[in-house]
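**Q**
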Amino acid sequence: MTSGSGPRRVLICEDSLAYATALSRFLEGDEEIDVVGIAPTGEQAIADVERLEPDLLTLDMQLPGMNGLEVVKRLMGSNPLPIVILSSKVAKGSEQAAEALAAGALEVLAKDMLRLDRPDDLWAQAMRSRLRRLSSMRVARRRKPAPSRAAAGIGSRSAQAIGIGASTGGPPVLETIIGGLPADLSAPVLVVQHMAPGFIEGFARWLDQKLSIEVRIAAQGDRATPGIWFAPDGAHLLLTGSMRFALDREPEGPHRPSVDALLGSLARGVGNEAVGVVLTGMGRDGAAGAAEIRRAGGIVIAQDEASSVVYGMSRAVAEDGADLVASPTEIADALAALNPARGIA
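Position 113 of the sequence shown, counting from 1, maps to 759 under my numbering, and the rest follow consecutively.
#1: At what residues does the beta strand (DSSP E) containing Leu-885 begin and finish?
#2: In whole angstroms, what separates the C-alpha of Arg-869 from that of Leu-752?
#3: Touching or not, the region 876 to 885 and the region 766 to 780, by the rule of three or more beta carbon pairs under 8 Å?
#4: Apart from the five residues just before and just after Val-971, which ones in its own chain have a Cβ nearer than 6 Å to its Cβ?
#5: Just how far apart, CA to CA, sit Val-681 and Ala-865?
#6: Which one of Leu-820, Arg-902, Pro-653 and Leu-755 has the shortest CA to CA distance from Pro-729?
#7: Could you tell me which uninterrupted beta strand (DSSP E) segments, each at least 3 residues in length, are contained entirely in the region 911 to 962, listed from first to last along the chain?
#8: For Ala-664, which residues from the same chain have a beta carbon less than 6 Å from its beta carbon, with the 5 sequence-adjacent residues on both sides left out?
#9: Give me whichever residues DSSP pairs with Ala-812 in a beta bridge.
#10: Give the DSSP-derived three-state secondary structure of Ser-733 in the structure shown.
#11: Are the Cβ atoms of Ser-781 and Met-959 separated by less than 8 Å?
#12: Helix, strand or coil for Glu-753, going by three-state DSSP, please let me know.
#13: Whose C-alpha, out of Ala-980, Gly-867 and Ile-846, is nearest the C-alpha of Ala-746?
#14: Would you grab the beta carbon distance between Val-695 and Leu-673 for me? Rounded to a whole angstrom, and I think it's under 8 Å.
#15: Roughly how many angstroms lie between the CA atoms of Ser-832 and Ala-748, to the nearest whole one?
#16: Output yes or no for whether 8 Å exceeds the beta carbon distance between Leu-732 and Leu-705.
#17: Pairs of beta-carbons, one from the region 842 to 861 and one from the region 885 to 901, closer than 8 Å: are there three or more?
#18: What would DSSP say about Asp-966, mapped onto helix, strand or coil?
#19: Suppose you measure from the CA of Met-707 to the CA of Glu-919; what does that come to, to the nearest Å?
#20: Taking 8 Å as the threshold (C-beta atoms), are Leu-702 and Leu-727 in contact?
#21: Helix, strand or coil for Arg-654, going by three-state DSSP, please let me know.
#22: Closest to Pro-828 by C-alpha separation, out of Ala-805, Ala-983, Ala-666 and Ala-685, would be which residue?
#23: Going by DSSP in three states, Pro-817 sits in which element: helix, strand or coil?
#24: Using a Cβ-Cβ cutoff of less than 6 Å, which residues in the same chain neighbour Ala-907 once the five nearest sequence positions on both sides are dropped?
#25: Report the three-state DSSP secondary structure of Leu-703 (helix, strand or coil).
#26: Where do the ends of the beta strand (DSSP E) carrying Ala-685 lie?
#27: Identify the continuous beta strand (DSSP E) that holds Arg-862 and give its terminal residues.
#28: Going by C-alpha distance, which of Glu-860, Ile-859 and Gly-873 is nearest Ala-807?
#29: Report, in whole angstroms, the separation of the C-beta atoms of Thr-926 and Val-905, which I expect to be a contact under 8 Å.
#30: Determine the DSSP secondary structure at Ala-877, reduced to helix, strand or coil.
#31: What's the C-alpha gap between Gly-936 and Val-921?
#32: Since Ile-945 and Leu-912 are thought to touch, with beta carbons under 8 Å apart, how far apart are those beta carbons, to the nearest angstrom?
#33: Let me know if Arg-895 comes out buried or exposed under the rule of 16 or more other beta-carbons within 10 Å of its beta-carbon.
#34: Along the chain, where does the beta strand (DSSP E) that runs through Ala-892 open and close?
#35: Applying the 10 Å Cβ sphere with the 16-neighbour rule, what's the burial state of Gln-994?
#36: Determine the contact status of Met-712 and Gly-688, defining contact as a CB-CB distance below 8 Å.
See the structure below:
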């Protein structure tokens, strides 16, 4: 793909010419974005990526012929680039969009979030700025995870609760880590994945169907039993001292749900038996919560730079002093080793 200074080159894949034209005008409201083409089919998009070398592809999931999911899989296997999914069917398409994220797409957005009819408001400017940043992300061909080396450095300790936080590039990493955990993992795993509203439930359902371990969305007052628990849309996921979930929907900081809020609650709830894991993503969400876990005597793990799409969140934690900096497969092995047998008091 192209690099260096100058406008970011965007290719649009959309079968509705009217929508594609409106999206093109919306994007080019930013002088640092240049729409280099409109592809009406997935097959044409694959050819145009080769020919035009865009920095970013916006991709409709519902296309004639090859669908958006197949386009993502083809491109990430042969000609990878940053891909943003635009979906008009949140309820029906969320699981397919989740699979596209796991296949390597960087983000999924509902089409109505773009507000193409208001291209000059602050929300539109912020959205274009986000797309510019995504266009500069480093992506690579999707490969099977490499065999893990033994993850040393955290000792033979037990964990009562594990918190994981991720943002951009997180879904395929979460698939690898959760897929590497034993089905009878003894501790509950609480997960915050920054994702556009309307898609996290589909992602959780897709993981639950694909993997042997149970994956659910956390609800207020639920007992934190073993399994994988995702924070729902628009709420901080907190663990209480009685091992139950509390959902906080009051605005706090730039993210809701927040990785900091989750990890901080683990530090207060289970102290030195808390484990915090911070993965790929922009910014520093998770660094303050990880510091709380360290002060409580718990374990902190950060994803390494080589496997991160965006070395931001995990870098902040690594530089602040993580107990282990590792690849996704090594993280899965380390978590499994901390919990050899089921049974939470």
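Don't be surprised by glycine CBs; every beta carbon is placed ideally from N, CA and C.
**A** Once the coordinates are examined:
#1: In the sequence shown, counting from the first residue as 1, residue 885 sits at position 239. 882 to 885 is the span of the beta strand (DSSP E), which, as asked, contains Leu-885.
#2: Mapped onto the sequence shown, residue 869 falls at position 223. Mapped onto the sequence shown, residue 752 falls at position 106. Taking the straight line joining both Cα atoms gives about 32 Å.
#3: Cβ pair count under 8 Å is below three, so no.
#4: Against the sequence shown, residue 971 aligns to sequence position 325. Taking C-beta separations shorter than 6 Å and ignoring five residues to either side along the sequence, the partners of Val-971 in its chain run Ala-948, Asp-950 and Ala-964, following chain order.
#5: As a first step, residue 681 must be located in the sequence shown, where it is residue number 35. As a first step, residue 865 must be located in the sequence shown, where it is residue number 219. Roughly 42 Å separates the two Cα atoms.
#6: Within the sequence shown, residue 729 is the residue found at index 83, counting from 1. Reading the sequence as shown, one finds Ile at residue 729 and not Pro. Here the closest residue by C-alpha is Leu-755.
#7: The beta strand (DSSP E) runs of length 3 or more contained entirely in the region 911 to 962 are, from start to end of the chain, 920 to 924 and 945 to 949.
#8: Locating residue 664 in the sequence shown gives position 18, where the first residue counts as 1. Non-local beta-carbon contacts of Ala-664 in its own chain, meaning distances under 6 Å to residues more than five positions away in sequence, are absent.
#9: To locate residue 812, count along the sequence shown from 1; it is residue 166. DSSP output for Ala-812 lists Gln-839 as bridge partner(s).
#10: On the sequence shown, residue 733 is found 87 positions in, with the first residue counted as 1. Reduced to three states, the DSSP call for Ser-733 is strand.
#11: By 1-based counting over the sequence shown, the position of residue 781 is 135. By 1-based counting over the sequence shown, the position of residue 959 is 313. Not in contact: Ser-781 and Met-959 (Cβ atoms no closer than 8 Å).
#12: In the sequence shown, the residue the question calls residue 753 occupies position 107. Here Glu-753 sits in strand by DSSP.
#13: Reading the sequence shown from its first residue, position 100 is the one you call residue 746. If we check each option's Cα against that of Ala-746, Ile-846 comes out closest.
#14: Within the sequence shown, residue 695 is the residue found at index 49, counting from 1. Within the sequence shown, residue 673 is the residue found at index 27, counting from 1. A Cβ-Cβ distance of about 17 Å is found for the pair Val-695 and Leu-673, leaving them out of contact under the 8 Å criterion.
#15: Here residue 832 refers to the residue found at position 186 of the sequence shown. Here residue 748 refers to the residue found at position 102 of the sequence shown. Between Ser-832 and Ala-748, the alpha-carbon positions lie close to 26 Å from each other.
#16: Position 86 of the sequence shown, counted from the start, is the residue given in the question as residue 732. Position 59 of the sequence shown, counted from the start, is the residue given in the question as residue 705. When the beta-carbon positions are compared, Leu-732 and Leu-705 come within less than 8 Å of each other.
#17: Counting C-beta pairs with one atom in each stretch, the region 842 to 861 and the region 885 to 901 have fewer than three that are closer than 8 Å, which means they do not touch.
#18: Taking the sequence shown and counting its residues from 1, the one referred to as residue 966 is at position 320. Three-state DSSP puts Asp-966 in a helix.
#19: Position 61 of the sequence shown, counted from the first residue, corresponds to residue 707. Position 273 of the sequence shown, counted from the first residue, corresponds to residue 919. Cα-Cα distance, rounded: 42 Å.
#20: Indexing the sequence shown from 1 puts residue 727 at position 81. Indexing the sequence shown from 1 puts residue 702 at position 56. In contact: Leu-727 and Leu-702 (Cβ atoms closer than 8 Å).
#21: Here residue 654 refers to the residue found at position 8 of the sequence shown. In the three-state scheme derived from DSSP, where H, G and I count as helix and E and B as strand, Arg-654 is classed as strand.
#22: Within the sequence shown, the letter at position 182 stands for residue 828. Nearest of Ala-805, Ala-983, Ala-666 and Ala-685 to Pro-828, Cα basis: Ala-983.
#23: One-based indexing of the sequence shown puts residue 817 at position 171. Of the three classes helix, strand and coil, the one that applies to Pro-817 here is helix, per DSSP.
#24: Looking up residue 907 in the sequence shown gives position 261. Result list for Ala-907: His-882, in chain order.
#25: Residue numbering aside, residue 703 sits at position 57 when the sequence shown is read from its first letter. Of the three classes helix, strand and coil, the one that applies to Leu-703 here is strand, per DSSP.
#26: To locate residue 685, count along the sequence shown from 1; it is residue 39. Counting along the chain, the beta strand (DSSP E) containing Ala-685 begins and ends at 679 to 685.
#27: Your numbering for residue 862 matches position 216 in the sequence shown. Going by DSSP, Arg-862 is part of the beta strand (DSSP E) stretching over 861 to 863.
#28: Within the sequence shown, numbered from 1, the residue matching residue 807 stands at position 161. Comparing Cα positions, the closest option is Gly-873.
#29: Here the question's residue 926 lines up with position 280 in the sequence shown. Here the question's residue 905 lines up with position 259 in the sequence shown. Wrong, their Cβ atoms sit about 12 Å apart, outside the cutoff.
#30: Sequence index remark: in the sequence shown, residue 877 carries index 231 (1-based). Three-state result, Ala-877: coil.
#31: Counting from 1 along the sequence shown, the entry for residue 936 is found at position 290. Counting from 1 along the sequence shown, the entry for residue 921 is found at position 275. Here the sequence assigns Ala to residue 936, which means Gly is not the residue at that position. For Ala-936 and Val-921, the distance between alpha carbons rounds to 9 Å.
#32: Taking the first residue of the sequence shown as 1, we reach residue 945 at position 299. Taking the first residue of the sequence shown as 1, we reach residue 912 at position 266. The pair is not a contact, with the Cβ atoms about 11 Å apart (cut-off 8 Å).
#33: By one-based count along the sequence shown, residue 895 stands at place 249. Classified as exposed, Arg-895 has fewer than 16 neighbouring CB atoms from the shown chains inside 10 Å of its CB.
#34: Within the sequence shown, numbered from 1, the residue matching residue 892 stands at position 246. Ala-892 -> beta strand (DSSP E) spans 891 to 894.
#35: This structure cannot speak to residue 994, because the chain is shown only from 647 to 991.
#36: Mapped onto the sequence shown, residue 712 falls at position 66. Mapped onto the sequence shown, residue 688 falls at position 42. Cβ distance < 8 Å, so Met-712 and Gly-688 count as in contact.
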